[in-house]
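Below you'll find the structure, written out as C-alpha coordinates, and then a few comments.
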Amino acid sequence: MVSSFLAACIQLNSKRDIELNFAEILQLVDEALELGAEFITLPECTGMMEPNRKLLKEKTPYEQDHSVLIAIRERAMESGAWILIGSLAIRLPGNQIVNRSYLIDKKGEIAATYDKIHMFDVQLDDGQTYRESETYKPGTEAVLTELPWGRLGLTICYDVRFAYLYRTLAQNGAHFITVPSAFTKVSGVAHWHVLQRARAIETGCYIISAAQCGDHAEGRQTYGHSLIVDPWG
106 MVSSFLAACI
116 QLNSKRDIEL
126 NFAEILQLVD
136 EALELGAEFI
146 TLPECTGMME
156 PNRKLLKEKT
166 PYEQDHSVLI
176 AIRERAMESG
186 AWILIGSLAI
196 RLPGNQIVNR
206 SYLIDKKGEI
216 AATYDKIHMF
226 DVQLDDGQTY
236 RESETYKPGT
246 EAVLTELPWG
256 RLGLTICYDV
266 RFAYLYRTLA
276 QNGAHFITVP
286 SAFTKVSGVA
296 HWHVLQRARA
306 IETGCYIISA
316 AQCGDHAEGR
326 QTYGHSLIVD
336 PWG
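My numbering numbers the first residue of the sequence shown as 106 and each following residue consecutively.
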(Lines of atoms letter the chains of each structure in order from A and count residues from 1; the text may use other names and numbers.)
(Lines give C-alpha, C1' and ligand atoms only; values in the text may rest on other atoms or scores of the structure.)
Protein backbone atom coordinates (compact mmCIF):
# COMPACT_ATOMS: atom_id res chain seq x y z
CA MET A 1 0.00 0.00 0.00
CA VAL A 2 1.29 3.48 -0.94
CA SER A 3 2.02 5.60 2.14
CA SER A 4 -0.19 8.58 1.26
CA PHE A 5 -2.55 10.14 -1.28
CA LEU A 6 -5.23 12.83 -1.15
CA ALA A 7 -8.85 11.65 -1.06
CA ALA A 8 -12.02 13.76 -1.14
CA CYS A 9 -15.61 13.07 -0.07
CA ILE A 10 -18.19 15.14 -1.91
CA GLN A 11 -21.40 15.81 0.01
CA LEU A 12 -24.50 16.40 -2.12
CA ASN A 13 -28.11 17.41 -1.73
CA SER A 14 -29.45 15.60 -4.78
CA LYS A 15 -32.76 16.67 -6.31
CA ARG A 16 -35.30 14.37 -7.91
CA ASP A 17 -34.13 14.86 -11.52
CA ILE A 18 -30.72 14.08 -12.97
CA GLU A 19 -30.39 17.33 -14.88
CA LEU A 20 -31.08 19.39 -11.73
CA ASN A 21 -28.03 17.80 -10.08
CA PHE A 22 -25.69 17.77 -13.04
CA ALA A 23 -24.05 21.21 -12.66
CA GLU A 24 -23.53 20.89 -8.90
CA ILE A 25 -21.91 17.46 -9.23
CA LEU A 26 -19.38 18.70 -11.77
CA GLN A 27 -18.72 21.93 -9.86
CA LEU A 28 -17.87 20.04 -6.66
CA VAL A 29 -15.73 17.50 -8.50
CA ASP A 30 -13.82 20.39 -10.07
CA GLU A 31 -13.35 22.00 -6.64
CA ALA A 32 -11.91 18.74 -5.30
CA LEU A 33 -9.56 18.53 -8.27
CA GLU A 34 -8.39 22.09 -7.70
CA LEU A 35 -7.53 21.13 -4.11
CA GLY A 36 -5.36 18.31 -5.42
CA ALA A 37 -7.61 15.30 -4.81
CA GLU A 38 -6.36 12.11 -6.45
CA PHE A 39 -9.32 9.95 -5.41
CA ILE A 40 -12.77 11.57 -5.31
CA THR A 41 -15.86 9.89 -3.91
CA LEU A 42 -19.50 10.85 -4.41
CA PRO A 43 -22.49 9.66 -2.32
CA GLU A 44 -25.25 7.15 -2.91
CA CYS A 45 -27.94 8.39 -5.31
CA THR A 46 -25.50 10.79 -6.98
CA GLY A 47 -27.73 11.12 -10.03
CA MET A 48 -31.06 11.75 -8.31
CA MET A 49 -33.06 11.29 -5.11
CA GLU A 50 -36.51 10.37 -6.42
CA PRO A 51 -38.66 9.01 -3.55
CA ASN A 52 -41.59 8.02 -5.76
CA ARG A 53 -41.00 4.44 -6.95
CA LYS A 54 -43.09 4.81 -10.09
CA LEU A 55 -41.34 8.01 -11.14
CA LEU A 56 -37.92 6.59 -10.32
CA LYS A 57 -38.51 3.64 -12.61
CA GLU A 58 -39.69 5.97 -15.38
CA LYS A 59 -36.67 8.29 -15.04
CA THR A 60 -33.91 5.69 -14.69
CA PRO A 61 -31.71 5.44 -17.81
CA TYR A 62 -29.65 2.59 -19.18
CA GLU A 63 -25.94 2.69 -18.32
CA GLN A 64 -24.83 3.80 -21.77
CA ASP A 65 -27.24 6.75 -21.69
CA HIS A 66 -26.57 8.04 -18.16
CA SER A 67 -25.37 11.65 -18.47
CA VAL A 68 -23.67 11.68 -15.05
CA LEU A 69 -21.66 8.56 -15.80
CA ILE A 70 -20.61 9.94 -19.16
CA ALA A 71 -19.57 13.30 -17.66
CA ILE A 72 -17.63 11.79 -14.74
CA ARG A 73 -15.75 9.48 -17.09
CA GLU A 74 -14.75 12.54 -19.11
CA ARG A 75 -13.63 14.43 -15.96
CA ALA A 76 -11.52 11.49 -14.81
CA MET A 77 -9.85 11.20 -18.21
CA GLU A 78 -9.16 14.96 -18.39
CA SER A 79 -7.83 15.25 -14.83
CA GLY A 80 -6.07 11.93 -14.27
CA ALA A 81 -7.98 11.40 -11.01
CA TRP A 82 -9.82 8.27 -9.89
CA ILE A 83 -13.50 8.93 -9.14
CA LEU A 84 -16.04 6.78 -7.34
CA ILE A 85 -19.66 7.50 -8.25
CA GLY A 86 -21.30 6.37 -5.01
CA SER A 87 -24.33 5.03 -6.82
CA LEU A 88 -26.59 5.59 -9.78
CA ALA A 89 -29.97 4.04 -10.47
CA ILE A 90 -29.38 1.98 -13.62
CA ARG A 91 -31.98 0.32 -15.83
CA LEU A 92 -31.33 -3.29 -16.85
CA PRO A 93 -32.86 -5.30 -19.68
CA GLY A 94 -36.27 -6.54 -18.58
CA ASN A 95 -37.06 -3.22 -16.90
CA GLN A 96 -35.27 -4.06 -13.63
CA ILE A 97 -33.25 -1.41 -11.77
CA VAL A 98 -30.05 -1.73 -9.73
CA ASN A 99 -28.38 0.69 -7.30
CA ARG A 100 -24.86 0.60 -8.77
CA SER A 101 -21.54 2.08 -7.66
CA TYR A 102 -18.96 2.91 -10.33
CA LEU A 103 -15.21 3.23 -9.93
CA ILE A 104 -13.74 5.28 -12.78
CA ASP A 105 -9.98 5.13 -13.38
CA LYS A 106 -7.71 7.98 -14.44
CA LYS A 107 -8.20 7.08 -18.11
CA GLY A 108 -11.98 7.46 -17.81
CA GLU A 109 -12.60 3.71 -17.98
CA ILE A 110 -15.00 1.84 -15.70
CA ALA A 111 -12.58 -0.05 -13.44
CA ALA A 112 -15.22 -1.76 -11.28
CA THR A 113 -18.93 -1.76 -10.48
CA TYR A 114 -20.84 -2.93 -7.42
CA ASP A 115 -24.59 -3.47 -7.04
CA LYS A 116 -25.93 -2.80 -3.54
CA ILE A 117 -26.57 -6.12 -1.79
CA HIS A 118 -28.58 -5.19 1.30
CA MET A 119 -31.88 -3.45 0.63
CA PHE A 120 -33.09 -0.76 3.05
CA ASP A 121 -36.48 -2.22 4.03
CA VAL A 122 -37.40 -0.61 7.35
CA GLN A 123 -39.99 1.43 9.22
CA LEU A 124 -38.46 4.15 11.37
CA ASP A 125 -39.75 5.54 14.64
CA ASP A 126 -40.78 8.79 12.92
CA GLY A 127 -43.26 6.84 10.77
CA GLN A 128 -41.25 6.81 7.55
CA THR A 129 -41.22 3.53 5.66
CA TYR A 130 -38.60 2.46 3.11
CA ARG A 131 -38.84 -0.57 0.81
CA GLU A 132 -35.87 -0.56 -1.53
CA SER A 133 -36.52 -4.18 -2.48
CA GLU A 134 -39.72 -3.05 -4.22
CA THR A 135 -37.62 -0.85 -6.53
CA TYR A 136 -34.15 -2.35 -6.90
CA LYS A 137 -32.77 -5.73 -7.80
CA PRO A 138 -30.21 -6.57 -5.07
CA GLY A 139 -26.63 -7.39 -5.90
CA THR A 140 -25.22 -10.82 -5.19
CA GLU A 141 -21.43 -10.37 -5.11
CA ALA A 142 -18.90 -8.53 -2.96
CA VAL A 143 -16.42 -6.51 -5.03
CA LEU A 144 -12.71 -5.89 -4.46
CA THR A 145 -10.65 -3.88 -6.93
CA GLU A 146 -7.25 -2.25 -7.20
CA LEU A 147 -6.41 1.43 -6.77
CA PRO A 148 -2.90 2.78 -7.39
CA TRP A 149 -2.56 3.06 -3.59
CA GLY A 150 -3.96 -0.29 -2.44
CA ARG A 151 -6.96 -2.59 -2.64
CA LEU A 152 -10.48 -1.13 -2.43
CA GLY A 153 -13.69 -2.79 -1.26
CA LEU A 154 -16.98 -1.40 -2.54
CA THR A 155 -20.16 -1.14 -0.45
CA ILE A 156 -23.21 1.16 -0.34
CA CYS A 157 -25.04 2.74 2.62
CA TYR A 158 -27.20 0.10 4.38
CA ASP A 159 -24.50 -2.49 3.74
CA VAL A 160 -22.61 -0.87 6.64
CA ARG A 161 -24.89 -2.64 9.13
CA PHE A 162 -23.70 -6.06 7.97
CA ALA A 163 -20.27 -6.63 9.46
CA TYR A 164 -19.71 -9.94 7.68
CA LEU A 165 -19.40 -8.15 4.33
CA TYR A 166 -16.68 -5.84 5.63
CA ARG A 167 -14.87 -8.71 7.33
CA THR A 168 -14.90 -10.62 4.03
CA LEU A 169 -13.47 -7.63 2.14
CA ALA A 170 -10.75 -7.13 4.75
CA GLN A 171 -9.84 -10.82 4.86
CA ASN A 172 -9.35 -10.69 1.10
CA GLY A 173 -6.92 -7.81 1.29
CA ALA A 174 -8.91 -4.55 1.31
CA HIS A 175 -6.99 -1.50 2.54
CA PHE A 176 -9.87 0.92 1.96
CA ILE A 177 -13.65 0.46 1.89
CA THR A 178 -16.06 3.01 0.45
CA VAL A 179 -19.49 3.53 2.01
CA PRO A 180 -21.33 6.10 -0.17
CA SER A 181 -24.59 6.80 1.60
CA ALA A 182 -27.94 8.53 1.85
CA PHE A 183 -28.53 7.87 5.56
CA THR A 184 -31.81 9.19 6.91
CA LYS A 185 -31.48 11.96 9.46
CA VAL A 186 -33.15 9.83 12.16
CA SER A 187 -30.86 6.83 11.76
CA GLY A 188 -27.85 9.03 11.08
CA VAL A 189 -28.08 10.88 14.38
CA ALA A 190 -28.22 7.56 16.22
CA HIS A 191 -25.86 5.34 14.24
CA TRP A 192 -23.84 7.01 11.45
CA HIS A 193 -20.59 7.77 13.25
CA VAL A 194 -20.50 4.65 15.38
CA LEU A 195 -21.08 2.35 12.39
CA GLN A 196 -18.32 3.93 10.28
CA ARG A 197 -15.88 3.82 13.18
CA ALA A 198 -16.80 0.25 14.09
CA ARG A 199 -16.23 -1.00 10.54
CA ALA A 200 -12.82 0.73 10.49
CA ILE A 201 -11.70 -0.65 13.85
CA GLU A 202 -12.81 -4.22 13.26
CA THR A 203 -11.37 -4.47 9.72
CA GLY A 204 -8.23 -2.36 10.08
CA CYS A 205 -9.27 -0.52 6.90
CA TYR A 206 -9.78 3.12 6.03
CA ILE A 207 -13.50 3.80 5.64
CA ILE A 208 -14.37 6.49 3.09
CA SER A 209 -17.98 7.67 3.36
CA ALA A 210 -19.41 10.40 1.14
CA ALA A 211 -23.01 11.22 2.06
CA GLN A 212 -26.18 12.94 0.99
CA CYS A 213 -27.26 15.80 3.25
CA GLY A 214 -30.31 17.99 3.84
CA ASP A 215 -33.92 18.20 2.69
CA HIS A 216 -35.07 16.27 -0.38
CA ALA A 217 -38.32 15.76 -2.26
CA GLU A 218 -41.45 14.61 -0.39
CA GLY A 219 -40.04 15.35 3.05
CA ARG A 220 -37.05 13.03 3.02
CA GLN A 221 -34.07 14.24 5.08
CA THR A 222 -30.54 12.86 4.95
CA TYR A 223 -27.89 13.21 7.62
CA GLY A 224 -24.69 14.18 5.83
CA HIS A 225 -21.55 14.10 7.99
CA SER A 226 -19.31 12.74 5.21
CA LEU A 227 -16.12 11.39 6.73
CA ILE A 228 -12.97 9.35 6.33
CA VAL A 229 -12.10 7.09 9.27
CA ASP A 230 -8.65 5.61 9.78
CA PRO A 231 -8.12 2.05 11.07
CA TRP A 232 -7.81 3.34 14.64
CA GLY A 233 -11.40 4.59 14.42
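In this text, a Cβ means the ideal position worked out from N, Cα and C, and glycines have one as well.
Which term fits residue i, buried or exposed, when burial requires 16 or more other beta carbons within 10 angstroms of its beta carbon?
i, result
"SER238", "exposed"
"ASP264", "buried"
"SER108", "exposed"
"TYR328", "buried"
"TYR271", "buried"
"LEU274", "buried"
"GLN201", "exposed"
"LYS290", "buried"
"LEU140", "exposed"
"ARG178", "buried"
"ARG205", "buried"
"LEU147", "buried"
"THR240", "buried"
"TYR219", "buried"
"ALA128", "exposed"
Tell me the rounded alpha-carbon separation between residue i and residue j.
i, j, result
"LEU208", "GLY258", "11 Å"
"LEU300", "ILE115", "19 Å"
"ALA176", "LEU131", "8 Å"
"ASP122", "GLN326", "17 Å"
"ALA315", "GLY199", "31 Å"
"HIS171", "ARG158", "19 Å"
"PHE110", "GLU124", "32 Å"
"PRO243", "LEU161", "16 Å"
"GLY185", "ALA137", "13 Å"
"GLU214", "GLU183", "12 Å"
"ARG236", "PRO156", "11 Å"
"ILE282", "ALA112", "13 Å"
"PHE144", "LEU189", "8 Å"
"THR253", "GLY278", "Looking at the sequence shown, residue 253 is not Thr but Pro. Roughly 14 Å between the two C-alpha positions."
"PHE225", "THR245", "15 Å"
"GLU163", "ALA247", "28 Å"
"THR250", "LYS221", "16 Å"
"GLN276", "ALA194", "29 Å"
Who are the Cβ neighbours of residue i in its own chain at under 6 Å, not counting the five residues just before and after it?
i, result
"ARG180", "VAL134"
"MET106", "GLY255 and HIS280"
"HIS321", "MET154"
Sorted by chain position, which residues of the same chain lie with C-beta nearer than 7 Å to residue i's C-beta, five sequence neighbours on each side aside?
i, result
"GLU149", "GLY191, SER192, ILE261, CYS262, PRO285, SER286, ALA287 and GLN317"
"PHE267", "HIS223"
"ARG302", "VAL334 and GLY338"
"ARG196", "THR165, PRO166, TYR167 and ILE202"
"LYS212", "MET182"
"TRP297", "PHE288, TYR328 and HIS330"
Please look up how many angstroms separate the CB atoms of residue i and residue j, rounded, as I've assumed it's under 8 Å.
i, j, result
"TYR311", "VAL334", "7 Å"
"GLY324", "ASN118", "Contact doesn't hold; Cβ gap of about 14 Å is too wide."
Below 8 Å CB to CB, which residues in the same chain sit around residue i once its five sequence neighbours on both sides are set aside?
i, result
"PRO336", "ALA305, ILE306, THR308, GLY309, CYS310 and TYR311"
"ASP210", "ALA181, TRP187 and ALA216"
"ASN126", "LEU117, SER119, LYS120, THR151, GLY152, MET153 and VAL173"
"ALA142", "LEU111, ALA112, ALA113 and ALA186"
I'd like to confirm something about residue i: is its beta-carbon nearer than 7 Å to some heavy atom of the ligand ZN, or not?
i, result
"LEU138", "No copy of the ligand ZN occurs in the structure displayed, which carries no ligand at all."
**OP:** Only counting runs of 3 or more residues, tell me where the beta strand (DSSP E) segments fall wholly within the region 269 to 304, in order along the chain.
**Re:** 281 to 283
**OP:** Go through the region 110 to 154 residue by residue and report every complete run of the alpha helix (DSSP H) that reaches 4 residues or more, in order.
**Re:** 123 to 139
**OP:** Enumerate, from N- to C-terminal direction, the unbroken alpha helix (DSSP H) stretches of 4 or more residues contained entirely within the region 142 to 217.
**Re:** Taking 4 residues as the minimum length, the alpha helix (DSSP H) runs contained wholly in the region 142 to 217 are 158 to 164 and 172 to 184, in order along the chain.
Original post:
Can you list the beta strand (DSSP E) stretches of 3 or more residues lying completely in the region 300 to 329, in chain order?
Top reply: 311 to 314, 318 to 320 and 326 to 328
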